[in-house]
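Residue numbers (the numbering used here), protein chains in the order written: chain A, 1 to 608; chain B, 1 to 302. Presented below is the structure to which this report refers.
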Amino acid sequence: MAKRVEQLESVVIRFAGDSGDGMQLTGGRFTSETALSGNDLSTYPDFPAEIRAPAGSLPGVSGFQLHFADHDILTPGDRPDVLVAMNPAALRTNLRDLPNGATVIVDTDAFTARNLQKAGYETSPLEDHTLDGYNAHLVPLTSMTVAALADIEGITPREAERAKNMFALGLMSWLYGRETESTLEFLRTKFAKRAEIAAANVKAFTTGYHFGETSESFSVQYEVKPAKLPPGTYRQITGNTALSYGLLTASKLSGLGLFLGAYPITPASSILEELAKHKGLGVRTFQAEDEIAAAGAALGAAFGGSIGVTASAGPGIVLKAETVGLAVTLELPLVIVDVQRAGPSTGMPTKPEQGDLLMVLFGRNSDSPVPVLAASSPGDCFYAAIEAVRVALSYRTPVYLLSDAYLANGAEPWRIPDLAELAPIGVEFAQANGTPFLPYKRDPKTLARPWAIPGTPGLEHRIGGLEKANETGNVSYDPDNHDLMMQLRAQKVAGIEVPDVEVDHQEGADLLVLSWGGTYGPVAAGVKRARARGLRIAHGHLRWLNPFPGNLGDVLRSYDRVLIPEMNHGHLRKLVRAEFLVDARGHNRMRGKPFTAGEIDDAIGAML
Amino acid sequence: MTTLTAKDFKSDQEVRWCPGCGDYAILAAVQSFMPELELPRERIVFISGIGCAARFPYYMQTYGMHSIHGRAPAVATGLAVTRPDLSVWVVSGDGDALSIGGNHLIHALRRNVNLKILMFNNRIYGLTKGQYSPTSEQGKVTGSTPFGSVDHPFNPLSVALGADATFVARAIDTDKQGLTDVLRRAARHKGAAFVEILQNCNIYNDGAFDVVRDHKENRLYLQHGEAAGSTGIVHDETDFATAFALSRVTEATHGVVPVGVFRDVPRDSYDSLVQAQVDSATARGPADLQQLIGSGDTWVIE
């Protein structure tokens with residue numbers, strides 16, 4: 001019997017379970033199905049740094065949140081409409097985020113006395129009043145999975161049990177009318193080497209799907225219509241993949257080889273892993289002995305005429321500071337990617353933060369100017385990477401590219417660009433012209449010095465960390481020369497051409513909300529909500545943090561009030577106040593989670 | 001190509017080491033040797049870290065970089081891996097290579113990056129005015145150890161061998177012939193070559209190597225296949241145990257200091273292995289980037 005189909009505009013689902021339960025895989029597959037269904041979407045994988053925390057424990061819970069809609073959305077959603085909880089710990093850590101009336105699907109088989117105790121439940125939440133007010137579905141996921149797989153030969157009981165995440169995925173796929181063929185194909189490919197495991201997972205998935213169709217527990221199926229996005233061919237993409245593709249594209253656009261020096265660190269490692277696959281595009285990746293060597297090798301590659309890149313997170317970026325200072329004075333191109341994570345020190349490695357801004361701007365000895373830009377969404381990491389390379393090559397300077405753990409792992413639909421439509425990056429290496437070579441004689445417009453790479457006859461020269469005489473580059477301790485060189489280095493970076501900040505202005509708005517980096521989505525969504533309840537708000541988003549866009553001062557001064565939400569204690573706010581004497585206020589939270597649209601809306605409300 | 005001479009490798013910069021420093025003799029020997037590479041100057045690069053020795057690139061009419069303390073092997077690795085057409089030399093000191101840069105040194109050696117690493121060992125920190133170094137003898141009284149150093153020193157050659165370096169040698173700053181022989185062998189070696197050069201700092205550690213520098217009778221010139229003096233060891237450059245045993249021979253143990261090539265064995269260099277992977281991946285033509293970024297599940301919005 002066909003069930004009633006209810007239309008929804010948007011849904012937020014969170015899958016939660018033990019870190020060994022395969023929640024990231026489950027969420028990832030549901031995301032793919034959703035993408036193929038044509039919805040706009042945004043994901044937020046939220047997992048512990050431990051690979052396998054003690055089973056059933058609260059810190060071991062791994063979650064994956066997905067927001068999908070029939071319209072343009074900006075965030076992974078504030079509060080889940082649906083929670084799939086694979087054990088008591090997952091229920092306990094996530095239930096507080098759910099609004100009343102939300103749907104909760106639990107695997108009742110996991111609610112054993114031992115698991116309840118590990119989660120700190122004195123009585124079973126399935127039997128007391130914990131789930132009152134929620135639309136609870138109590139499903140024996142594990143035992144139904146194991147029973148369904150009884151006739152599949154060659155799998156162990158443990159392997160049968162492990163397929164329960166696919167049962168859950170099948171059920172959710174039915175509930176929201178997802179496209180399923182891509183998941184079946186995925187399972188067959190992923191387990192191609194063990195046909196019986198592939199068969200077990202496929203069976204678990206389809207059993208879960210049919211359970212939804214037939215079970216009386218689920219009376220309604222939901223439909224979310226495709227979103228109207230700009231025309232084009234789409235795929236879903238995470239920030240680190242997009243960033244890697246951006247670097248590859250910059251290599252193609254400039255015609256220069258790409259060299260990545262990196263040391264494994266969460267959440268940046270997947271950039272190294274992605275680029276290491278693409279030797280066929282001429283990429284050389286170097287897993288260095290430490291963060292310092294990773295940066296040093298990238299700088300050595302840049303000296304030789306390659307695009308030198310090093311990628312890390314805060315604790316690694318700290319170690320690279322001296323090398324970045326060297327790049328500043330050598331005036332060689334270098335891109336340093338900082339995928340920010342919660343600190344200080346080791347902090348919370350898998351959780352996002354914006355706490356590195358002041359470090360990358362000022363965390364070096366002396367006045368040591370470095371351009372800084374920040375990506376605003378997973379897909380934007382692609383374009384931000386190209387822009388970082390373009391500026392590094394054009395101005396012969398290190399450039400900091402900021403991302404964060406949320407952008408790095410979060411996914412969104414991405415319109416696949418036509419590479420032929422992207423502007424080439426022009427690079428000219430210096431050639432001998434019969435006159436004495438002056439390695440620090442600058443281009444009058446960009447103030448960039450010539451890039452003379454080894455192998456070029458007649459341009460043999462030496463550069464180093466000691467102060468250099470203007471033009472000749474020879475070692476100099478002359479006081480006036482040093483003062484001049486300090487000014488020239490500062491002027492060069494200050495003069496980098498960056499686009500004006502664009503403001504999403506609303507007639508009559510006297511409050512400007514100014515965001516930067518990975519908080520774009522939640523801030524834009526929060527502004528939308530505030531407007532929906534009649535408030536008049538302007539929203540500006542900064543991509544370049546150094547130099548600031550030329551119109552930023554005028555923009556700031558044209559509003560009575562300025563609110564700067566940041567996942568730090570006010571880095572941009574300090575800069576804006578110091579630079580423009582504007583009494584900007586902040587909304588500052590460091591919870592290791594992206595902002596919610598709701599809290600931005602509240603912060604706006606508090607300002608008006 | 002016209003034949004180059006030592007003069008062609010002198011830069012226009014005034015050399016600023018202390019008068020009497022052993023570095024002058026090393027610079028002269030290297031400049032004299034350079035024409036033997038039979039490479040145009042633009043294909044030669046000297047990279048250094050920090051310290052007295054690290055000023056070396058400024059005086060060479062080649063490409064050069066005076067980088068930061070201890071990191072020269074890392075910088076040079078990036079250059080060598082991306083530019084296999086270049087001859088890349090690293091100039092370092094005992095503090096630079098074995099203390100602050102110890103990690104980079106051992107990893108460059110184990111990877112066998114095609115670098116020629118010259119480590120000037122004067123057993124002291126010179127540029128910071130005379131503190132003890134990781135090769136200073138225990139008990140050394142210096143500015144930072146007024147009661148004598150309690151540190152046990154490194155044996156640089158044992159360290160290099162421990163890192164599985166494929167080429168390990170020792171020479172003496174003023175022994176032009178011996179130094180040139182070692183440079184020649186190092187240059188010919190494909191992969192990482194580690195050369196310890198005993199160098200006198202006449203200001204802060206004068207006479208550190210007099211026992212072998214002045215007293216030539218204490219030099220034990222190693223010859224492959226021949227008995228190594230009265231040590232009882234027949235030298236075999238290809239045998240690790242022999243090289244290691246010889247690295248432990250000192251004036252204190254045997255009354256002699258071995259100089260020359262301790263180890264020279266073939267092993268694929270890191271940069272050549274990287275290049276081979278790139279070549280094999282691009283053998284059927286370069287990969288298609290447009291195809292890559294459009295890979296995976298895709299959907300069309302009209």
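Cβ atoms here follow ideal geometry from the backbone N, Cα and C, with glycine treated the same way.
- Among the residues facing chain B, Y234 (chain A) is included, as its CB has a counterpart in that chain under 7 Å away.
- A168 (chain A) does not reach chain B, its nearest Cβ partner there being about 21 Å away, counting only Cβ pairs nearer than 9 Å.
- Bounds of the alpha helix (DSSP H) holding V146 (chain A) are 141-148.
- Under the DSSP definition of a beta bridge, H254 (chain B) lacks any partner.
- In the DSSP secondary-structure assignment, P413 (chain A) is bridged to A:Q236.
- Straight through space, the alpha carbons of S48 (chain B) and Y44 (chain A) are spaced by roughly 46 Å.
- Out of A:N39, A:A311, A:A301, A:G598, the CA that lies nearest to the CA of L272 (chain A) is found in A:A311.
- F154 (chain B) sits away from A193 (chain B), with the two beta carbons spaced by 7 Å or more.
- Counting every other CB atom within 10 Å of its CB across the protein chains shown gives V389 (chain A) a total of 16 or more, marking it as buried.
- In this chain, M34 (chain B) is not harboured by any beta strand (DSSP E), its DSSP state being neither H nor E.
- Counting of Cβ neighbours within 10 angstroms places G304 (chain A) among the buried residues, the total reaching 16 or more.
- Around the beta-carbon of L187 (chain A), 16 or more other beta-carbon atoms lie within 10 Å, marking it buried.
- Pairing V501 (chain A) with G540 (chain A) gives a Cβ-Cβ distance under 7 Å.
- Rounded to whole angstroms, the Cβ separation of P424 (chain A) and V399 (chain A) is 18 Å, and the two are not in contact under 8 Å.
- With fewer than 16 neighbouring CB atoms inside 10 Å of its own CB, S217 (chain A) falls in the exposed class.
- Residue state for N200 (chain B) is assigned as coil, using DSSP reduced to three classes.
- In this structure, DSSP gives S158 (chain B) a helical state, which the three-state scheme calls helix.
- With a cut-off of 8 Å on Cβ pairs, the segment 549-557 of chain A is not in contact with the segment 587-597 of chain A, counting fewer than three such pairs.
- Annotated three-state conformation of T397 (chain A) is coil, per DSSP.
- In the same chain as K116 (chain B), and ignoring 5 residues on each side of it, the C-beta atoms closer than 6 Å to its own belong to W89, A186, A193, in chain order.
- Among the CB atoms of chain B, one or more fall inside 7 Å of the CB of R284 (chain A).
- Beta-bridge pairing by DSSP links W451 (chain A) to no other residue.
- Contact between Q340 (chain A) and L402 (chain A) holds: CB atoms are separated by about 6 Å, below the 8 Å threshold.
- Interface residue (Cβ-Cβ distance to chain A less than 7 Å): R213 (chain B) is not classified as such.
- Shown here, K320 (chain A) sits in a helix according to DSSP, grouped into three states.
- Judged by DSSP in its simplified three-state form, A538 (chain A) adopts strand.
- Collapsing the DSSP output to three states places T285 (chain A) in a strand.
- For Y222 (chain A), the enclosing beta strand (DSSP E) starts and ends at 220-224.
- For the segment 301-330 of chain A, the set of positions with a beta-carbon nearer than 9 Å to some beta-carbon of chain B reads A301, A302, F303, G304, G305, S306, G308, E322, T323, G325, L326, L330 in chain order.
- When secondary structure is reduced to three states using DSSP, K445 (chain A) falls in the coil class, being assigned neither helix nor strand.
- A distance below 7 Å separates the beta carbons of V309 (chain A) and L260 (chain A).
- The C-beta distance from H254 (chain B) to E237 (chain B) rounds to 19 Å, too long to fall under 8 Å, and the pair is not in contact.
- Per DSSP, I106 (chain B) is one residue of the alpha helix (DSSP H) stretching across 102-111.
- Setting aside the 5 residues that flank it on each side, K3 (chain A) is surrounded in the same chain by S219, V220, Q221, each with a C-beta closer than 7 Å to its C-beta; the list follows chain order.
- Between L422 (chain A) and L258 (chain A), the C-beta gap is not smaller than 7 Å, which leaves the two residues out of contact.
- Remark: three or more beta-carbon pairs, one from each stretch, lie closer than 8 Å, so the segment 70-84 of chain A and the segment 8-26 of chain A are flagged as touching.
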